[in-house]
Amino acid sequence: MTTLQRSHFRFFHRLRVRWAEVDMQKIVFNAHYLMYFDTAISDYWRALALPYEASMRQLEGDLYVVKATVEFHASAQLDDQIDIAMKCSRIGSSSITFTGAIFRGDDHLITGELIYVFADPATQTSSPVPEALRHILLGFEAGEAMTTVKLGDWATLGTDAQVLRMDVFVDEQRIPKELVSDAADATALHAVAFNRLGRPVATGRMVSEQPGVGRIGRMAVHRVLRGGSLGKQVLQVLTDAARARGDHEVMLHAQRSAVGFYERLGYQKRGEAFVEAGIEHQEMFLPLV
193 MTTLQRSHFR
203 FFHRLRVRWA
213 EVDMQKIVFN
223 AHYLMYFDTA
233 ISDYWRALAL
243 PYEASMRQLE
253 GDLYVVKATV
263 EFHASAQLDD
273 QIDIAMKCSR
283 IGSSSITFTG
293 AIFRGDDHLI
303 TGELIYVFAD
313 PATQTSSPVP
323 EALRHILLGF
333 EAGEAMTTVK
343 LGDWATLGTD
353 AQVLRMDVFV
363 DEQRIPKELV
373 SDAADATALH
383 AVAFNRLGRP
393 VATGRMVSEQ
403 PGVGRIGRMA
413 VHRVLRGGSL
423 GKQVLQVLTD
433 AARARGDHEV
443 MLHAQRSAVG
453 FYERLGYQKR
463 GEAFVEAGIE
473 HQEMFLPLV
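For the sequence shown, the residue numbers in our numbering are 193 to 481.
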């Protein structure tokens with residue numbers, strides 16, 4: 193049996209073993225390990241900044257499992273906190289092999305291998321792995337960044353920013369369409385994060401609230417990709433721009449559900465909560481000096 197180490201992997205998905213996943217021996221039922229690996233694969237695509245369904249549609253294909261193996265070294269138990277490691281270990285002409293490992297701390301418990309074939313969804317006949325996908329997978333495993341954040345005006349980035357705003361604010365949060373854009377867009381500094389397929393995945397903007405104060409707003413991240421670093425990346429680029437132009441503070445109106453996110457990045461609450469566009473908000477600020 194081959195023993196793997198955490199250093200062999202860049203990607204990890206953490207979970208805790210639940211009661212429903214153990215058997216009468218009080219260890220994880222063997223079939224659940226495949227579920228763990230499949231769950232990790234879903235998160236792996238998020239690490240690539242690729243919304244799976246939309247990305248496969250853009251690549252004009254889909255991935256189908258043709259082989260899945262599990263090798264048992266030791267068992268995970270109820271309430272264990274485990275890390276499911278995953279890496280793309282081989283890309284053939286039409287197949288992609290992922291090697292997985294489950295760790296409890298540094299202990300290697302389980303090894304897995306998942307082999308996918310890229311195929312035409314209509315006929316399910318194999319097709320060559322698209323070069324764009326090949327480069328993304330190889331780039332991720334080599335430690336390359338999966339996104340690029342661009343700064344610019346509305347004429348340059350407005351179309352891509354608007355796509356995200358409509359998806360998040362109008363379709364998802366049911367905010368009236370007329371509130372999604374305003375006259376400030378014309379003079380604001382906009383930021384849009386793009387994945388390596390060129391799709392916009394996160395956006396935000398900054399306007400001058402008053403001399404020395406930048407107001408960040410219209411923050412939106414693709415629904416499938418939340419929980420990663422995209423929002424942080426956009427916020428950081430806008431904050432750096434405010435600092436570069438000499439602002440002493442940036443502020444924003446955070447939706448109530450996002451207050452914790454901003455607090456972890458150093459933002460502080462100011463004043464009482466209020467309702468804006470039918471959603472409870474909290475003013476927050478970050479000193480830059």
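We put the CB at the ideal spot given by N, CA and C, even for glycine.
| query | result |
| --- | --- |
| Beta-carbon spacing of ALA277, PHE203 below 8 Å | yes |
| Span of the beta strand (DSSP E) around HIS205 | 203-208 |
| For ALA324 and LEU389, believed in contact at Cβ under 8 Å, the rounded distance | 6 Å |
| Nearest to ASP374 (by Cα), restricted to the options TRP346, ALA450, GLU252, MET476 | TRP346 |
| For ASP230, the nearest candidate out of LYS279, GLN217, GLY470, THR339 (CA to CA) | LYS279 |
| Contiguous beta strand (DSSP E) assignments of at least 3 residues, all confined to the stretch 244-303 | 254-264, 273-283, 287-296 |
| Among ARG448, TYR308, SER319, the one whose alpha carbon lies nearest that of LEU255 | TYR308 |
| N- and C-terminal bounds of the alpha helix (DSSP H) containing VAL355 | 346-357 |
| CB contact flag (ARG397, HIS382, <8 Å) | yes |
| For HIS473: DSSP bridge partner residues | GLN447, PHE466 |
| Beta carbon of VAL355 nearer than 8 Å to that of ALA385 | no |
| Neighbour flag for ASP345 against chain D, beta carbons, 8 Å | Any reference to chain D falls outside this structure, which holds one protein chain only. |
| Cross-strand partners of ARG397 (DSSP beta bridge) | HIS382, GLY409 |
| Inter-stretch contact (C-beta, 8 Å, three-pair minimum) for the stretch 414-426 and the stretch 461-472 | no |
| LEU480: first and last residue of the uninterrupted alpha helix (DSSP H) it sits in | Looking at the DSSP string, LEU480 is not in any alpha helix (DSSP H), and its letter there is neither H nor E. |
| Distance CB(VAL413)-CB(ALA394) smaller than 8 Å | yes |
| Cβ neighbour criterion (16 or more within 10 Å) applied to GLN197 | exposed |
| Under 8 Å between C-beta atoms of ILE274 and ALA268 | yes |
| Candidates ASP359, ASP432, LYS424, of which the one nearest ARG415 by Cα | ASP359 |
| Cβ-based burial, PRO403 [other Cβ within 10 Å; buried from 16] | exposed |
| Buried or exposed (CB count within 10 angstroms, at least 16 for buried), LEU247 | It is Ser, not Leu, that sits at residue 247 in the sequence shown. SER247 should be labelled buried. |
| Neighbour-count burial assignment, MET216, 16 or more Cβ in a 10 Å radius | exposed |
| Helix, strand or coil at TYR236 [DSSP, three-state] | helix |
| Beta-carbon spacing of ILE283, VAL257 below 8 Å | no |
| Within 8 Å, strictly: CB atoms of VAL442 and PHE477 | yes |
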